[in-house]
Every structure is written in structure tokens, then in C-alpha cells.
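J.: Position in the sequence shown (first residue = 1) + 61 = my numbering. Got a structure here, written out as C-alpha cells. Questions coming.
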Amino acid sequence: MIVYTYAIYLKYLALAVVVASLPFIALIALKIFQKLTAGRVSSLVCLKGKTAIVTGGSSGIGLETALFLASRGCRAIITDRRNSSKAKARILSEMNNADVTTKRLDLMSQQVIIADRRDSFKAKARIISETNNSDILTKRLDLTSMQSLHKFSQSGIGLETALFLASRGCRVIIADRRDSSKAKARIIAETNNSDIETKRLDLTSLQSVRKFAEDVKESEERLDILINNAGVGSVGNKHTDDGLHATMQINHFGPFLLTHLLSDLLKKSAPSRIIFVGSALAFCSNLTAETLNYPQGHPLSLFRTTMIYANSKLANVITANGFAERLKEYGVTSNSLHPGLVNSEIFSASAKYLGLETIARVFRSIVLLAYGKSTEEGAQTTIHLALANELKEVTGKHFWDCIMFPQPPGAWNKKFCDDIWEASEKLVQLKPEEKLSVC
């Protein structure tokens, strides 16, 4: 009888263990699915002699992008409104690419150029070892004559993109409002590419954007890749000195103005590429020309905060398409992308303004840990658009996981897109000679 009772207890204990394990099994299955379906860069392009600007390149996707660019020998310019010295130092230390420059750009203004001229085999080995993906860098592309401007934060997708470009010999300019010195140092160390430049770019100031653009045009002879990566989820219900909602100015108005101001340099450097990092939330937007700039004094709920971010991301897609139309005859391509659900600091930073830190921690600990991409994985589509030879004439398209993807419905209506473009021109106070006409 006692043995029978223990058998019953053991049966129910085993059942309880199985039931308790189901959520973990499901999360593991999701993670495996995400890993198997995530896009990967397949280009072995060397970027020596090229220059790239990466906005928001001091962290997250921007830093990862800058690291990759620098590892390919690209001259990198990192723009950020913060001090980018840490990002620059990291790039230098990880890539052995000294051609990294930081410039201040505040997108509430803009950000990055990172470069690397070293042998890229070490970078390839690192990527394969860190991602367990041997199907990386199967085509050789020399970027030693290319220059990339990359707007990014001190970590995340921006840094990973800069690292990749620098590893291919690209000169990288990192634009960020923060100190990008650490990002620069890391890129140089990892890529052996010292051609990394950091510049300050504050996208919350249109004056800062203009100052940054003038700096780039005076100091750089060419610009091969402009990566509009910098962005925020939310900075609260704030408006800048320009009278624009801070989230919209950082995510849309700042990059919109910057790309206009650098268009002549991009045309001069053709074939060149413009890349806008968007979001899947663009498909949930309620954007109109009238709500493009959220009015001051209106209360901001969680729903409205989400819609402002979604609207800014749809505006990114529309803007990318608009530049594609206006610059295609000059050999300049413009495309947009969704990086995927990336486990970066954007969630925590946004939650801080909304008072949802606890929820954000739970979300990052469970959902993002199980299904979210790393910043290196999140940078893959950005890097693919920057390097892939098969995309050299592709323009006005939207990408997910390194493949072409249907655009948000709002981007299909030409009249609507023209209205958003014209409203943006007025709000950023474009001068007549700065405007671009459709080819």
C-alpha cells in the first residue's frame, strides 16, 4: 500500500515537472526558430578606401554596425550627441583600425564614420566563432576606398554595423551626441582599422544637424554609405527648441534634414547608398500629415507614445522611398529595413520615461532573451544593405532578415507620401536650394 502511494506521488510529481517545463521548452523552441530564420550577411566585401557614417553608433545596433564596417577597413565616422570616445576606443581596440573618427551630432542632430584597412580574415574568424555561423562572408568585396557615415548609439546595432564595416577596411564616421571614444577604441582594437572618426551629432537640434553636415562636407572628400540608425523608443512628452516632438525629431526629422544636406556629397561619391533603420511597428501607424508633429500641451498616453514611435518608423520608410525617387539618376540608392526584435537598450530607455521599468525588465528577461536577436544579429540586415553586390542597383525597397519584404500600407499611397514629404520639408525649414526634385 505504501509503495502504491509513493507511485502515485511520483506520477503526479513527474506530471508537475513536465507541465512546469513546457514554458521553458517553448521558449527554447522559439529561440531555435529565431536563430534558424534570422538573416545573415554573406558578403566578403573589403571596404578599404571607403567612408561610412553611422548615426547612433555608440551602442546597440549602431555600434555593432560600426564595428563590422571598421573590421573591413572602412573609414568610420561615428556621430552621437553624447561623447563617443568609448565607442571609438572599443572599435580601435577590437579591430586595430585607427581610422575611426567621432563627431557630435544631436538628433533632438547626427553621427558616425568608421574605417579599417587590415586583413579581414581575423574578423571573419571572430564572426564565425561568436555566431556559430560558418556561412558568413563568402564573397570578397574590397571597401578600402569607401567611406561610411553611421549614426548610432554607443552600443547595439550601430556599433555592430560599424565594427563590420571597419573590418572590411571602410573609413567609418560615428555620429552620436554622446562621447564615442570607447566605441572608437573598441572598433580599432577589434578590426585593426585606425581610420575611425567620431563626430558629435545631436538630432534634437536642427542647428546641430546643419553644423555636423557642414563639418562632414569640409573634412570628407567622399561619402559612400549613410546609415540612419540613431533612434529612440520614447523620450517622454518633450518638444525641442525647434518646436518638434523629440521622438519624431530624433527618429525622422533629424535624419530627413541630414540626408538632404549630405545628398551632394553622396552624389559626388556615387555609386553610394542610404539606409534607414525602421521597425515593424510602421505597419501599425496612424500617421497623417497633420499628426506628423505631435502638438505641445497634449497629454501623452502609452497608446499615443507607441503611435508616435510607429509614425516615426513609417516616416522612415516613406523618406527612404522619397530619396530613392529623387536620387536614382545620380547612382545613389536608398532603402529601409526592420532589424527584428533586438535585445538592446531602447526598451529600457523608453520604459524609464513611461514609468514601466519593471515591465521592461521582465520583457527583456523573458521575451527578448528567448526570442530576441542579439545586437550582432540585429545589425545583419543593415550590413547586408550596405555591402551586398546584388543590391547595388536596388532602391526604394524594404527588407527584413536580409530579404526583400512588402512595405507598410502607408507607403503605397503616393499622394500620402508626397504630403508627408512636403510637411517634413516645412517642419525642418529646408531652404529652396536644399530641396530635391523627383527624377
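The beta carbon of each residue, even a glycine, is placed where N, CA and C say it ideally should be. The model shown is predicted, which means the values in this text are computed figures rather than measured ones.
TRP473 to ASP285, Cα distance in whole Å?
T.: Indexing the sequence shown from 1 puts residue 473 at position 412. Indexing the sequence shown from 1 puts residue 285 at position 224. In a straight line, the C-alpha of TRP473 is about 28 Å away from that of ASP285.
J.: To the nearest angstrom, how far is the alpha carbon of GLY392 from that of LEU128?
T.: As a position in the sequence shown, residue 392 is number 331, starting the count at 1. As a position in the sequence shown, residue 128 is number 67, starting the count at 1. When rounded, the distance between both Cα atoms is 26 Å.
J.: Look at the alpha carbon of GLY292 and the alpha carbon of ALA81, and state the distance between them as a whole number of angstroms.
T.: Locating residue 292 in the sequence shown gives position 231, counting from the first residue. Locating residue 81 in the sequence shown gives position 20, counting from the first residue. Cα-Cα distance, rounded: 39 Å.
J.: So does the stretch 215 to 232 actually touch the stretch 246 to 264, counting three or more Cβ pairs closer than 8 Å?
T.: yes
J.: Taking C-beta to C-beta, are ILE311 and LEU267 nearer than 8 Å?
T.: Here residue 311 is taken as the residue at index 250 of the sequence shown, counted from 1. Here residue 267 is taken as the residue at index 206 of the sequence shown, counted from 1. No, Cβ-Cβ distance for ILE311 and LEU267 is not below 8 Å.
J.: Using CA coordinates, which residue listed in PHE317, LEU124, SER333, GLY433 is at the minimum distance from ILE93?
T.: For this step, residue 93 is matched to residue 32 along the sequence shown. Nearest to ILE93 by alpha-carbon distance, out of PHE317, LEU124, SER333, GLY433, is GLY433.
J.: Consult DSSP for ARG365 and reduce its assignment to one of helix, strand or coil.
T.: By one-based count along the sequence shown, residue 365 stands at place 304. It is helical.
J.: Tell me the rounded alpha-carbon separation between PRO332 and ARG151.
T.: Here residue 332 corresponds to residue number 271 of the sequence shown, with the count starting at 1. Here residue 151 corresponds to residue number 90 of the sequence shown, with the count starting at 1. Approximately 30 Å, taken between the alpha carbons.
J.: Mind checking which residues open and close the alpha helix (DSSP H) that includes SER269?
T.: Position 208 of the sequence shown, counted from the first residue, corresponds to residue 269. Run containing SER269: 267 to 280, per the alpha helix (DSSP H) assignment.
J.: Quick check on PRO556: buried or exposed, where buried means 16 or more other Cβ atoms within 10 Å of its Cβ?
T.: The displayed coordinates of the chain run from 62 to 500. Any statement about residue 556 would go beyond what the structure contains.
J.: Here's the rule I'm using: 16 or more other beta-carbon atoms within 10 Å means buried, otherwise exposed. How should PHE225 be labelled?
T.: Taking the sequence shown and counting its residues from 1, the one referred to as residue 225 is at position 164. Of the other Cβ atoms in all chains shown, 16 or more fall within 10 Å of the Cβ of PHE225; this residue is therefore buried.
J.: Is ASN396 helix, strand or coil by DSSP?
T.: In the sequence shown, counting from the first residue as 1, residue 396 sits at position 335. Note: ASN396 maps to strand in three-state DSSP.
J.: Excluding five sequence neighbours on each side, which residues of the same chain lie with their C-beta closer than 6 Å to the C-beta of TYR355?
T.: Translated into the one-based positions of the sequence shown, residue 355 becomes position 294. If we look at TYR355 and ignore the five residues flanking it on each side, its Cβ neighbours are HIS306, ILE369.
J.: Look at the alpha carbon of LYS389 and the alpha carbon of ILE89, and state the distance between them as a whole number of angstroms.
T.: The residue labelled residue 389 in the question sits at position 328 within the sequence shown. The residue labelled residue 89 in the question sits at position 28 within the sequence shown. Rounded to whole angstroms, LYS389 to ILE89 spans 44 Å at the Cα level.
J.: Output the distance between the C-alpha atoms of SER119 and VAL403, rounded to the nearest integer angstrom.
T.: As a position in the sequence shown, residue 119 is number 58, starting the count at 1. As a position in the sequence shown, residue 403 is number 342, starting the count at 1. Cα-Cα distance, rounded: 16 Å.
J.: Taking THR349 as the reference, which of CYS107, ALA376, GLY439, GLY339 has the closest Cα?
T.: By 1-based counting over the sequence shown, the position of residue 349 is 288. Comparing Cα positions, the closest option is ALA376.
J.: Of the residues GLY219, SER435, LYS328, LEU153, which one's Cα is nearest the Cα of ALA250?
T.: Working through the sequence shown from its first residue, we reach residue 250 at position 189. Selected option, being the one with the closest Cα: LEU153.
J.: Take LYS278 and list the residues in its own chain whose beta-carbon comes closer than 7 Å to its own, dropping the five residues that flank it on each side.
T.: Here residue 278 corresponds to residue number 217 of the sequence shown, with the count starting at 1. Within the same chain, LYS278 has close Cβ partners LEU326.
J.: For ASP302, count the other beta carbons within 10 Å of its own beta carbon; 16 or more makes it buried, fewer makes it exposed. Which is it?
T.: As a working mapping, residue 302 is identified with position 241 in the sequence shown. Under the 10 Å beta carbon count, ASP302 is surrounded by fewer than 16 other beta carbons and is classified as exposed.
J.: Taking DSSP as the reference, what is the three-state secondary structure of GLU351?
T.: Reading the sequence shown from its first residue, position 290 is the one you call residue 351. In the structure shown, the three-state DSSP call for GLU351 is coil.
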